[in-house]
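The structure under discussion appears below in the form of structure tokens.
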Amino acid sequence: MQAKSNPLFVIINPPGIQYGMPGQIVEIHVVVINEGQQSAVIDLFFTFDETFQKISNWSSSPRASLAIAPGQSSDEVKFELQIPVNALPGTYDYTFVVDSPEHYPQDTPINFPGQIKVLLNEQTVIRANDPTFSIQPATNPNKPLIYKSDQLLQVTVKVDNRSPRVDRFHLTCPDLDEEWFRISYPVTGLEAAGLVEVNALELNPMSQGQILLEFRPIADTLAGNYSPTIRLHSENNPDLVLLDLVYIYIPANYQLAIELNTILGKVSHNPGKYQLALMNQGNLVRELYFSARSRDEEELCIYQFEPTETKLLPSRSVEVNLAVKPRPWWRQPWVGQPLIINFQVDVTDKQNLPISSTLHQGVLVWKARPWWQFLLLMLVGFGLIATAAFLIWRLLNPDPLKIENFSTENPTLIEGDEVRLNWKIDNYKQLKRLVIKTQQPPSNEPIFDDINISKLIKKGTNDETASCQITSQEELICNRFVTGIKTKGKYVFEIKASYNKRKSFFSQETQTVTQTADVEIAEKPIAEIIGFNTDKPRYNKGENIVLTWSIKRPELLDRIELFTTKDDDKILVEKPISFKFKNSAIDDPKFKNKCQQENNQNMKCVISVMASQAGIFSYDLKAYSLNISDRVNTKASENKVEILAKPFKIIFFKINNNDQPNQVLNEGENAILSWKVEGENIEVKLLPYGDKVPQVGSKNIVVIKNFPTQLALQVNDISGKQQPQQKGFAITVNEIQPTPNPLISPLNPIFPIPSPKNKPLY
Numbered sequence: 001m002q003a004k005s006n007p008l009f010v011i012i013n014p015p016g017i018q019y020g021m022p023g024q025i026v027e028i029h030v031v032v033i034n035e036g037q038q039s040a041v042i043d044l045f046f047t048f049d050e051t052f053q054k055i056s057n058w059s060s061s062p063r064a065s066l067a068i069a070p071g072q073s074s075d076e077v078k079f080e081l082q083i084p085v086n087a088l089p090g091t092y093d094y095t096f097v098v099d100s101p102e103h104y105p106q107d108t109p110i111n112f113p114g115q116i117k118v119l120l121n122e123q124t125v126i127r128a129n130d131p132t133f134s135i136q137p138a139t140n141p142n143k144p145l146i147y148k149s150d151q152l153l154q155v156t157v158k159v160d161n162r163s164p165r166v167d168r169f170h171l172t173c174p175d176l177d178e179e180w181f182r183i184s185y186p187v188t189g190l191e192a193a194g195l196v197e198v199n200a201l202e203l204n205p206m207s208q209g210q211i212l213l214e215f216r217p218i219a220d221t222l223a224g225n226y227s228p229t230i231r232l233h234s235e236n237n238p239d240l241v242l243l244d245l246v247y248i249y250i251p252a253n254y255q256l257a258i259e260l261n262t263i264l265g266k267v268s269h270n271p272g273k274y275q276l277a278l279m280n281q282g283n284l285v286r287e288l289y290f291s292a293r294s295r296d297e298e299e300l301c302i303y304q305f306e307p308t309e310t311k312l313l314p315s316r317s318v319e320v321n322l323a324v325k326p327r328p329w330w331r332q333p334w335v336g337q338p339l340i341i342n343f344q345v346d347v348t349d350k351q352n353l354p355i356s357s358t359l360h361q362g363v364l365v366w367k368a369r370p371w372w373q374f375l376l377l378m379l380v381g382f383g384l385i386a387t388a389a390f391l392i393w394r395l396l397n398p399d400p401l402k403i404e405n406f407s408t409e410n411p412t413l414i415e416g417d418e419v420r421l422n423w424k425i426d427n428y429k430q431l432k433r434l435v436i437k438t439q440q441p442p443s444n445e446p447i448f449d450d451i452n453i454s455k456l457i458k459k460g461t462n463d464e465t466a467s468c469q470i471t472s473q474e475e476l477i478c479n480r481f482v483t484g485i486k487t488k489g490k491y492v493f494e495i496k497a498s499y500n501k502r503k504s505f506f507s508q509e510t511q512t513v514t515q516t517a518d519v520e521i522a523e524k525p526i527a528e529i530i531g532f533n534t535d536k537p538r539y540n541k542g543e544n545i546v547l548t549w550s551i552k553r554p555e556l557l558d559r560i561e562l563f564t565t566k567d568d569d570k571i572l573v574e575k576p577i578s579f580k581f582k583n584s585a586i587d588d589p590k591f592k593n594k595c596q597q598e599n600n601q602n603m604k605c606v607i608s609v610m611a612s613q614a615g616i617f618s619y620d621l622k623a624y625s626l627n628i629s630d631r632v633n634t635k636a637s638e639n640k641v642e643i644l645a646k647p648f649k650i651i652f653f654k655i656n657n658n659d660q661p662n663q664v665l666n667e668g669e670n671a672i673l674s675w676k677v678e679g680e681n682i683e684v685k686l687l688p689y690g691d692k693v694p695q696v697g698s699k700n701i702v703v704i705k706n707f708p709t710q711l712a713l714q715v716n717d718i719s720g721k722q723q724p725q726q727k728g729f730a731i732t733v734n735e736i737q738p739t740p741n742p743l744i745s746p747l748n749p750i751f752p753i754p755s756p757k758n759k760p761l762y
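Residue numbers (the UniProt record's numbering): 1 to 762.
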């Protein structure tokens, strides 16, 4: 409200500080009464600073216009201020303006200062009878209290007891250590007598009081913004959470004490020693690195810091060692006055924070050399003279020519590979003639014989014989020199180098240096059969004989031939079986996977052949290598193989198509014998007759009275390898009984009539 003399009377509800939490809406209600003598148009609006704009999100002021007749009041105007959800707790100022520039220019504008207090989300919802408190001066993130070390930082906490009961209140700062703050409660008059210790504010119903809160940041507190939480506790309502924030800004203090102390400032041959003492008297973390430089025209020293950089917390100190080494050595005075070297130490902040501009200067005294160094100088002079004399002597007597490392590229070669030679000749410029030949076997034609070694060097790199090069140390190095020798045998190569050696100051003589190298060229390797056997010594005819062999150097194999020989007559049973190989495998697709590579790079083959004949056989392999026709590797199997004939069998043996073992035959009938036997190299007999019969056949025999009681078919193995087999019958013959003669009555004798001789009836 405002004084009565103003023609405009303004009622603002609610009065005082408005409270709200982030995300809530604060409502301000305004009623204007025109107590003047004329009608007036009245403008209502807010003015606020940048801080208030941030919490209200208003880019322009909310406004309202009213037309009010004399003696009349306006309707209630409601303004809503939306607190953003991300608003920081604090007290924010604004001004509500009532203006009528046309009708009451002398009495307006009227300003009403106001505050909105944004509460913490953790705070309890305040009811009508709940106590409240405010902090003076009010702060927010953009209007903090500024702490100065030479001034007290004090705020007043105003407490309003709105309940109908007496209550006691006390403050806490849960975010701060106790060293950071001090709370002063109003005295009651009883403290002097020592009766009561003041530790709370006691308020009667509907009364107000004040608590003083003093902030005293500790010495090593870092510069920056702080927002400690203030909580008011009510003894009547201990669960009530009343919170507020105080925003404090501690300005940066860049004070840094630096002192350079001399430990060893006068030196002769050791580096000077200094110590840089630093004390961070400010409130920032300092990251420093160090350097030094000369203050004279020339830079004569090397500066070494230990450590080269450091991190220094507030109220902390550190000592940095500095070693100053003068150079170069010849600048040290020989006699007389020492050399004075002035330098300064620079301390730099990595974050470019200010540092005192005071120069930190040091002085190093480089003393003159001791007297005994003159003796050393004389010795050096004598040494130079001796060196010059030695160089002259070496010029007249250079190192002799020397052959080093004469050798073959490989001491053992395979037939077809060419022998190549390596050697190195020191001081090659003295070389007059170079001869290379074979000493063993003797040869009249040298491989190389020339007085001009440029033939070895001038050939282009595309020529294989261009294998020599010259180094800056006067060395002739030859590698892989081509000899043209490829045939098998043992060789001894000889190299002879001739040069002139000074005999006297005016005469020379020819010297020869010789070295030899041995090499052996072995025959070309061939594919070799290193193992050949069968899986078992005995088979039946018709079975597969499994042959296994191993080949060494299978990559050289062209083909393998398998020979089969019968042991009794030593004749080749059949044509040799040939296996053609390609890329270490049998080229025939049906034997594709019969050969496998072993871990030792040998090849193992497992081949099956048919046992087509009975008897004892031996097997031989011949391995033919690629591009070598005159050398064949032969290997016989480790064991001979016996092939047994197929077991014989009596398929059937019948009499009159009956194979019952006991048979009855009638005398005079025909007995038809039939049989069938399977087998090879066997003998079939019909017993008891003993005659040989074919393996399949039949025989017709007339049954007589003395017919054999047993008939048998016997089969014998001619080679005796199998047990005889026999199948037979037990025979019973039914004889024909003769017909009896009729009796003749004696009364009538009848004389026989002569007739032909009786014949048997069949």
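Beta carbons are placed, not taken as given, at the ideal position from N, Cα and C, and that holds for glycine.
The residues I425, D426, N427, V513, in chain order, have a CB closer than 8 Å to that of K402 in the same chain once the five nearest residues on each side in sequence are set aside. 7 Å or more divides the Cβ of G489 from the Cβ of I526. Counting along the chain, the unbroken beta strand (DSSP E) around K552 starts and ends at 544–552. Pairing P441 with E494, the inter-Cα distance amounts to about 11 Å.
When DSSP states are grouped into helix, strand and coil, Q53 belongs to the helix group.
In the three-state scheme derived from DSSP, where H, G and I count as helix and E and B as strand, M21 is classed as coil. By the 16-neighbour rule on beta-carbons within 10 angstroms, G90 is buried. Excluding residues up to 5 positions away in sequence, I17, Y19, T91 lie with their Cβ nearer than 6 Å to the Cβ of K117 in the same chain. Following the DSSP letters along the chain, one finds S698 inside the beta strand (DSSP E) bounded by residues 696–702. Taking E259 as the centre and dropping the five residues before and after it, the same chain places the C-beta of A277 closer than 6 Å to its C-beta, in chain order.
Rounded to whole angstroms, the Cβ separation of I682 and F648 is 5 Å, and the two are in contact under 8 Å. Annotated three-state conformation of E555 is helix, per DSSP. Taking the Cα positions, P251 is about 11 Å away from L145.
Each of P62, F79, S61, F46 was checked against the Cα of P14, and the nearest Cα belongs to F79.
Where K273 is concerned, the enclosing beta strand (DSSP E) starts and stops at 272–280. When the beta-carbon positions are compared, Q695 and Q714 stay at least 7 Å from each other. When secondary structure is reduced to three states using DSSP, R127 falls in the coil class, being assigned neither helix nor strand.
With respect to the 7 Å criterion, V241 and Q53 are not classified as neighbours on the basis of their beta carbons. For the segment 339–385, not one full-length alpha helix (DSSP H) segment reaches 4 residues or more.
Per the coordinates, the alpha-carbon of N6 lies some 11 Å from the alpha-carbon of P109.
According to the DSSP assignment, S608 belongs to the beta strand (DSSP E) that extends over 603–610. DSSP places E299 outside both helix and strand once states are collapsed to three, so it counts as coil. Here P271 has A323, V324, K325 as same chain residues with Cβ atoms under 7 Å from its own Cβ, once five neighbours each way along the sequence are excluded. Looking at the DSSP output, H233 shares a beta bridge with H170.
In the DSSP assignment, G531 forms a beta bridge with S550. Here the C-alpha atom of I470 lies approximately 5 Å from the C-alpha atom of L476. Per the coordinates, the alpha-carbon of P22 lies some 11 Å from the alpha-carbon of L81. Among the bridge pairs identified by DSSP, V41 is matched with A67. Between K350 and Y289 a beta carbon distance of about 7 Å is seen, short of the 8 Å cut, so the two are scored as contacting. In the three-state scheme derived from DSSP, where H, G and I count as helix and E and B as strand, A389 is classed as helix.
Contact between K640 and D567 holds, with the beta-carbon distance rounding to 6 Å and staying under 8 Å. The count of Cβ pairs closer than 8 Å, one atom from the segment 41–48 and one from the segment 133–150, stays below three, leaving the stretches out of contact.
Apart from the 5 residues on each side of it in sequence, M279 sits with its Cβ closer than 6 Å to the Cβ of A257, S317 in its chain, given in chain order.
In the three-state reduction of the DSSP assignment, W329 falls in the helix class, which pools H, G and I. Scanning its chain for C-beta atoms nearer than 6 Å, with the 5 sequence neighbours on each side dropped, one finds around Q304 the residues A323, in chain order. In terms of Cβ geometry, V159 and F133 form a close pair [threshold 7 Å].
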